[in-house]
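Colleague:
In UniProt numbering, the protein residues as written are 1 to 569.
#1: Return the chain-ordered list of same chain residues with a C-beta closer than 7 Å to the C-beta of residue 371, the five sequence neighbours on each side being excluded.
#2: When you compare each of 539, 51, 37 and 482 to residue 197 by their alpha carbons, which one comes out closest?
#3: Would you say residue 226 and residue 40 are within 9 Å of each other, going by their C-beta atoms?
#4: Distance, Cα to Cα, residue 116 vs residue 152?
#5: Out of 444, 383 and 549, which one is the CA nearest neighbour of residue 529?
#6: Between which two residues does the alpha helix (DSSP H) carrying residue 113 extend?
#7: So is residue 516 buried or exposed if we call it buried at 16+ other beta carbons inside 10 Å?
#8: For residue 458, which option in 441, 406, 351 and 495 has the closest C-alpha, if you only look at C-alpha atoms?
#9: Does residue 267 come out as helix, strand or coil in the three-state DSSP assignment?
#10: What are the boundary residues of the alpha helix (DSSP H) that includes residue 36?
#11: Which whole runs of the beta strand (DSSP E) in the stretch 420–454 are 3 residues long or more, in chain order?
#12: Counting beta carbon pairs with one atom in the stretch 160–169 and one in the stretch 76–94, are three or more of them shorter than 8 Å?
#13: Taking contact to mean 3 or more Cβ pairs, one atom from each stretch, closer than 8 Å, check whether the stretch 535–554 and the stretch 420–434 are in contact.
#14: Say whether the stretch 375–394 touches the stretch 193–213, bearing in mind that this needs 3 or more beta-carbon pairs closer than 8 Å, one atom from each stretch.
#15: First and last residue of the alpha helix (DSSP H) that includes residue 157?
#16: Quick one: using the 10 Å Cβ neighbour count with 16 as the cut-off for buried, is residue 100 buried or exposed?
#17: Do the CB positions of residue 348 and residue 417 come within less than 9 Å of each other?
#18: On the premise that residue 526 lies in contact with residue 354, defined as a C-beta separation below 8 Å, what is that separation, rounded to the nearest angstrom?
#19: Whole angstroms are fine: how far does the CA of residue 367 sit from the CA of residue 30?
#20: Let's see if you can read the secondary structure: which residues bound the alpha helix (DSSP H) around residue 95?
#21: Should residue 483 go down as buried or exposed, given a rule of 16 or more other Cβ atoms within 10 Å for buried?
#22: Assess, as a yes-or-no matter, whether the stretch 112–130 is touched by the stretch 210–220 under the definition of 3 or more beta carbon pairs within less than 8 Å.
#23: What is the DSSP secondary structure of residue 381, reduced to helix, strand or coil?
#24: Does the Cβ of residue 237 have 16 or more other Cβ atoms within 10 Å, making it buried, or fewer, making it exposed?
#25: Within the continuous alpha helix (DSSP H) that includes residue 314, where are the two ends?
#26: Pull up the distance between the alpha-carbon of residue 399 and that of residue 420, whole angstroms please.
#27: Where does residue 10 fall in DSSP's three states?
#28: Output yes or no for whether 9 Å exceeds the beta carbon distance between residue 260 and residue 298.
#29: Assuming residue 128 contacts residue 64 (C-beta within less than 8 Å), just tell me the rounded distance between them.
#30: Per DSSP, what kind of secondary structure is residue 273 in: helix, strand or coil?
#31: Taking residue 121 as the reference, which of 253, 208, 328 and 190 has the closest Cα?
#32: Which two residues bound the contiguous alpha helix (DSSP H) that contains residue 212?
#33: Is residue 116 near the ligand GTP, with its Cβ less than 8 Å from a heavy atom?
#34: Within the continuous alpha helix (DSSP H) that includes residue 244, where are the two ends?
#35: Report the three-state DSSP secondary structure of residue 21 (helix, strand or coil).
#36: Could you check which residue in 70, 545 and 89 has the C-alpha nearest to that of residue 342?
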């Protein structure tokens, strides 16, 4: 294989070592002393961001005179931005600046976002004139009023993008031992979900029952506290340098393979593959695999593509065999990844439509408490948390004890698909019950009419879907982290968030298509055929599950195979 192979087999003595200064820095910084500061930042941001987004549909309807379905569409776009931004934030952090600067700047941007949200609620001129829900001649928001609102949303997306994944990575960088990392991640998710629940309940209740300005103002205070907490711990943090984005290397594989498309791969005797320099860690020296062999051209060494020391002269003309194999891994897993997109689409539609349904039913619990419509989604979040605890602590160990097997990530994802489809059918049945009550009272033409049906009926479908999420979402994260190349481990969870973002964006497109080709979703939900939308989601979900089964059967685990070979050796 030429000079490059010999370089790859060079001894590890040539590999760079940690300097004395770096070792001293690691001893002085990091550890559990950083946790209170990181926890304060996480709690404040979680409460503020979820407090602002959970009730945005109701805010648009009541304060901006936006029609109900349009408000749900805007909410889906907002949630899409909030979920896709962390992928961008993680990439920027890995490639250029490192975690701490990005988290600090993004936290400050989130604070500015909540300031703007508070101003929209406190200054009447930033909103259209008030209008009753049943009126058909409400003044729409002006372009300037929309501009201020969307500025707040854009800043919120940037703030979320720079903090959500980077906070977890930054926290993990403070610990060396695996046991400490496990404890940190357990507390991280407990605090994250706890802050989301507080934002979707306490903050939303204040917005609905006391005042929007006070609700957003509390979010602003929470964000300010999060910024201060983060900055107070600055002297204690470890700050690893940015390593560069692995996605650039993947793009180089595609470019190099395209440039050398005329190379004959059948003439194996003359092919010399590039394996990297001797000082590169974890250099693979086995030949490239035969699957997707056209990509192997990217690692073929033509004249002039490497320097005398073995380094690459033109990165967009030549890649290592490992880079090529990493690219192939992503290509293999891509079909499985696409099967989860529709699951997120259905969840996005269900959550937004359930909030609209909650506005048309009896939300009182007892004589003195009314459930805010924006808080109805907490039942989904709570179901996810409870289900994860029950599955990991009781059901999975019991299954392992009885069958001597644990569920694979693919099996967890598949069960999640099935339960999600059941949840859509449950939503259809609940909406049929609500619509029957509306028809019985001849209230189809009364948009503001409240059906004498408890809001608790809407909790059941959300809880069912939450159980499904507890299966397929961790299953996705586990699959991606397990199967993704080593260079992409830090972005594995980002793929799951990207699915959520695409789900919200596509749910907007699906609802828009349904409105164009059917009469199922008028602005008056009491005169709608919303149950047909849920049945459609259940039907498409069934077809999508069939597609998933096909992809899962064709997929072969690669990390598991490598682990088994290592154990055998």
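All C-beta atoms, glycine included, are put in the ideal place defined by N, C-alpha and C.
Modeller: Per the coordinate set shown:
#1: For residue 371, where only same-chain residues beyond five positions count, the Cβ hits under 7 Å are 363, 365 and 455.
#2: 51
#3: Yes; because the gap between Cβ atoms is below 9 Å, this pair is in contact.
#4: 5 Å
#5: 444
#6: 99–122
#7: By the 10 Å Cβ count, residue 516 comes out exposed.
#8: Here the closest residue by C-alpha is 351.
#9: It is coil, neither helix nor strand.
#10: 35–53
#11: Within the stretch 420–454, the beta strand (DSSP E) runs of at least 3 residues that lie entirely inside it are, in chain order, 451–454.
#12: yes
#13: yes
#14: Result yes; three or more Cβ-Cβ pairs closer than 8 Å.
#15: 143–172
#16: buried
#17: no
#18: Rounded, the Cβ-Cβ distance is 15 Å, inconsistent with contact.
#19: 51 Å
#20: Element bounds for residue 95: n/a, residue is neither H nor E.
#21: buried
#22: yes
#23: Helix.
#24: buried
#25: That residue, residue 314, is in no alpha helix (DSSP H); it is neither H nor E in DSSP.
#26: The alpha-carbon atoms of residue 399 and residue 420 are separated by roughly 21 Å.
#27: Note on residue 10: pLDDT 37, under 50, position unreliable in the model; the coordinate value appears next. Residue state for residue 10 is assigned as coil, using DSSP reduced to three classes.
#28: Contact annotation: residue 260 and residue 298 have beta-carbon atoms nearer than 9 Å.
#29: 6 Å
#30: strand
#31: 208
#32: 212–232
#33: This structure lacks the ligand GTP; in fact it carries no ligand of any kind.
#34: Per DSSP, residue 244 lies in no alpha helix (DSSP H) segment and is marked neither H nor E.
#35: Confidence in residue 21 is poor, its pLDDT being 49 and thus under 50, which makes the residue's placement too unreliable to answer from.
#36: 545
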